[in-house]
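Residues 0 to 391, numbered by numbering that gives the first Met the number 0, are exactly what the sequence shown covers, in order.
Accompanying notes for the structure given below.
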Amino acid sequence: MPSCVHARIPEESQPPSKQVKPLFRHFRRIDSCLQTRVAFRGSDEIFCRVYMPDHSYVTIRSRLSASVQDILGSVTEKLQYSEEPAGREDSLILVAVASSGEKVLLQPTEDCVFTTLGINSHLFACTRDSYEALVPLPEEIQVSPGDTEIHRGEPEDVANHLTAFHWELFRCVHELEFVDYVFHGERGRRETANLELLLQRCSEVTHWVATEVLLCEAPGKRAQLLKKFIKIAAICKQNQDLLSFYAVVMGLDNAAVSRLRLTWEKLPGKFKNLFRKFENLTDPCRNHKSYREVISKMKPPVIPFVPLILKDLTFLHEGSKTLVDGLVNIEKLHSVAEKVRTVRKYRSRPLCLEMEASPHHLQTKAYVRQFQVIDNQNLLFELSYKLEANSQ
């Protein structure tokens, strides 16, 4: 039987507004990954880990829109409760540390920092004199090859679970989030949490593809994995999930993956040709002409490549002034409204997928909803050169 994922969540299934929500990736609860996603608001409360320089951590309960000052206040309470040395918390600062080692010092007045963290970035609280000593968590810089669910799951199962999850995330994004994201920039963060999470997920899928390929050490098995990802991309396109399709193709196009000449040579000609067609479809030349032609022929439900919608809105916003001689530029606002209405059109019908009740259904679903990825390009290249040192 088809499994329908509707565009609206019935009122009775909505959680209480004060329920503490799990935020995927940075704020995870084991029992939450299989739950249907619901839209976040700035006032929603979440659980978050804030790390110390020695990689110990405290778990705080915070509003999604909390300021850095509020977050540090919660950390301070935890440290005092844990009988940390008095006075230490007075000079605490909050730092976002990426897996690459890059550090960003967050200012006390900044807010809504949770949804703007990078894929493998984490929040650290420390004193100013320990700032330079901060390093990424060990699990972000130490990787070990091994079989994951991608090797066991069927391409159709993985693709359908990708589409179902991304539909949940896409329908959580309010149309006005697109406008706020482009027109208000950082000042609009409080109103764009769901959109930022969807963009983060797109990047996560891209890095997932590269990670899985580069952690596969056996050449023959690695070629089979390329073949499987191409199949997944094809099924996502068939599902009209162009977000997943784009992300998978970009993952295979990652320079650390595309340079594996010996691996790509093992692919059957049929799959090489199919992937070339996919590359042409995602080619940005002539303002993404190929992609626009394909999506224009699709009927709802559709999951678009969201970054391109934002690119179009940015062009409209920066290409002309909102006020001209003190008068509102109606033509500009009409163009913006027309672009935003396409989002409503894409979601105007529920998504129905043929979901096979396979033995590994729940394992695949859980796997797809909480990828473990490497987002450090230097580390991806290191893995790539270990696999094929002399590939061009």
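All residues carry an ideal CB built from backbone N, CA and C; glycine is no exception.
Since we're looking at a predicted model, the values are computed, not measured.
Assuming Val204 and Ser243 make a contact with CB atoms under 8 Å, what is their CB distance in whole Å? The sequence position of residue 204 within the sequence shown is 205, counting from 1. The sequence position of residue 243 within the sequence shown is 244, counting from 1. Right, the Cβ-Cβ distance comes to about 6 Å (below 8 Å), so this counts as a contact.
Based on the DSSP output, what are the partners of Cys392 in its beta bridges? Shown here, the chain extends from 0 to 391; a query on residue 392 therefore has no answer.
In three-state DSSP terms, what is Phe123? Position 124 of the sequence shown, counted from the first residue, corresponds to residue 123. Three-state DSSP puts Phe123 in a strand.
In whole angstroms, give me the CA-to-CA distance for Phe169 and Leu175. On the sequence shown, position 170 is the one that residue 169 refers to. On the sequence shown, position 176 is the one that residue 175 refers to. When rounded, the distance between both Cα atoms is 13 Å.
Taking Cβ to Cβ, would you say Thr392 is nearer than 9 Å to Gln199? With the chain covering only 0 through 391, there is no way to say anything about residue 392.
Ignore the nearest five residues each way along the sequence and tell me which others in Pro154's own chain have a CB closer than 7 Å to its CB. Against the sequence shown, residue 154 aligns to sequence position 155. Lys227, Lys230, Ile231 and Ile234, listed in sequence order.
At a cut of 8 Å, does the stretch 202-217 reach the stretch 247-256 through at least three beta carbon pairs? yes
Between the stretch 89-100 and the stretch 120-138, are three or more C-beta pairs nearer than 8 Å? yes
Please state the DSSP three-state secondary structure of Lys296. Position 297 of the sequence shown holds residue 296. Judged by DSSP in its simplified three-state form, Lys296 adopts coil rather than helix or strand.
If you run the structure through DSSP and keep just helix, strand and coil, what is Phe370? One-based indexing of the sequence shown puts residue 370 at position 371. Residue state, collapsed to three classes: coil.
Would DSSP call Val172 helix, strand or coil? Sequence index remark: in the sequence shown, residue 172 carries index 173 (1-based). Val172: coil per DSSP, three-state reduction.
Would you mind reading off the limits of the beta strand (DSSP E) that contains Ile59? Taking the sequence shown and counting its residues from 1, the one referred to as residue 59 is at position 60. It spans Tyr56 to Arg62 - the beta strand (DSSP E) in which Ile59 sits, taken as one unbroken run.
Under 8 Å: do the stretch 262-272 and the stretch 176-183 share three or more Cβ pairs, one atom per stretch? The stretch 262-272 vs the stretch 176-183: no contact.
Just grab the DSSP bridge partners of Arg111 for me. Position 112 of the sequence shown holds residue 111. Note on residue identity: the sequence assigns Cys, not Arg, to residue 111. DSSP, once it has assigned bridges, lists no residue as partnering Cys111.
Output the boundary residues of the beta strand (DSSP E) element that contains Arg48. One-based indexing of the sequence shown puts residue 48 at position 49. Looking at the DSSP string, the run of the beta strand (DSSP E) that includes Arg48 is Glu44 to Tyr50.
Here's the rule I'm using: 16 or more other beta-carbon atoms within 10 Å means buried, otherwise exposed. How should Ser55 be labelled? Locating residue 55 in the sequence shown gives position 56, counting from the first residue. That one is exposed.
Going by DSSP, what residues sit across from Gly240 in a beta bridge? Taking the sequence shown and counting its residues from 1, the one referred to as residue 240 is at position 241. In the sequence under discussion, the amino acid at residue 240 is Asp, which differs from the Gly named in the question. Note: Asp240 sits in a beta bridge opposite Ile302.
The alpha helix (DSSP H) with Ala255 in it runs from where to where? As a position in the sequence shown, residue 255 is number 256, starting the count at 1. Start and end: Ala254 to Ser257.
List the endpoints of the continuous alpha helix (DSSP H) containing Glu330. Numbered from its first residue, the sequence shown carries residue 330 at position 331. Glu330 -> alpha helix (DSSP H) spans Ile329 to Tyr345.
I think Phe270 touches Tyr290, with their Cβ atoms under 8 Å apart; what is that distance to the nearest whole Å? One-based indexing of the sequence shown puts residue 270 at position 271. One-based indexing of the sequence shown puts residue 290 at position 291. Phe270 to Tyr290, Cβ: 21 Å. No contact.
Whole alpha helix (DSSP H) runs in the stretch 260-293 with 4 or more residues, listed along the chain? Counting only unbroken stretches of 4 or more residues, the alpha helix (DSSP H) elements lying wholly within the stretch 260-293 are 260-264 and 268-280, in sequence order.
I'd like the list of long-range same chain contacts for Val256, defined as Cβ closer than 6 Å, with 5 residues on each side in sequence excluded. Numbered from its first residue, the sequence shown carries residue 256 at position 257. These residues qualify, in order along the chain: Ala209 and Val212.
Could you have a look at Ser364 and say whether DSSP puts it in helix, strand or coil? As a working note, residue 364 is residue 365 in the sequence shown. Position check: residue 364 holds Lys in this sequence, whereas Ser was assumed. Lys364 falls in the helix class under three-state DSSP.
Assign Lys310 to one of three DSSP states: helix, strand, or coil. In the sequence shown, residue 310 corresponds to position 311, counting from 1. Of the three classes helix, strand and coil, the one that applies to Lys310 here is helix, per DSSP.
Just to confirm, is the Cβ distance from Cys47 to Leu122 under 9 Å? Position 48 of the sequence shown, counted from the first residue, corresponds to residue 47. Position 123 of the sequence shown, counted from the first residue, corresponds to residue 122. Yes.
Length of the line joining the Cα atoms of Asn119 and Val327: Taking the first residue of the sequence shown as 1, we reach residue 119 at position 120. Taking the first residue of the sequence shown as 1, we reach residue 327 at position 328. Cα to Cα, the separation comes out at about 42 Å.
contact_flag[the stretch 350-365, the stretch 159-166] where n(CB pairs < 8 Å) is 3 or more: yes
Exposed or buried, Cys171, counting other C-beta atoms within 10 Å across all chains shown (16 or more means buried)? Numbered from 1 along the sequence shown, position 172 holds the residue referred to as residue 171. Flag for Cys171 reads buried.
When the distance is taken between beta carbons, is Ser61 closer than 9 Å to Ser73? Translated into positions along the sequence shown, residue 73 becomes position 74. Translated into positions along the sequence shown, residue 61 becomes position 62. It is a contact, given that the beta carbons lie within the stated cut-off.
Between Gly86 and the rest of its own chain, which residues show a CB-CB distance below 7 Å, the 5 nearest in sequence each way excluded? As a position in the sequence shown, residue 86 is number 87, starting the count at 1. For Gly86, the predicted structure reports a pLDDT of 45, less than 50, and the residue's modelled location is therefore unreliable. A value from the coordinates is still provided. Within the same chain, Gly86 has no close Cβ partners at all.
Give the DSSP bridge partners of Lys102, in chain order. The residue you call residue 102 lines up with position 103 of the sequence shown. The partner list for Lys102 (beta bridge, DSSP) reads Val96.
Starting from the Cα of Val67, find the closest Cα among Ile45, Asp110, Lys77 and Ser98 and give me that residue. Position 68 of the sequence shown holds residue 67. The option with the nearest alpha carbon to Val67 is Asp110.
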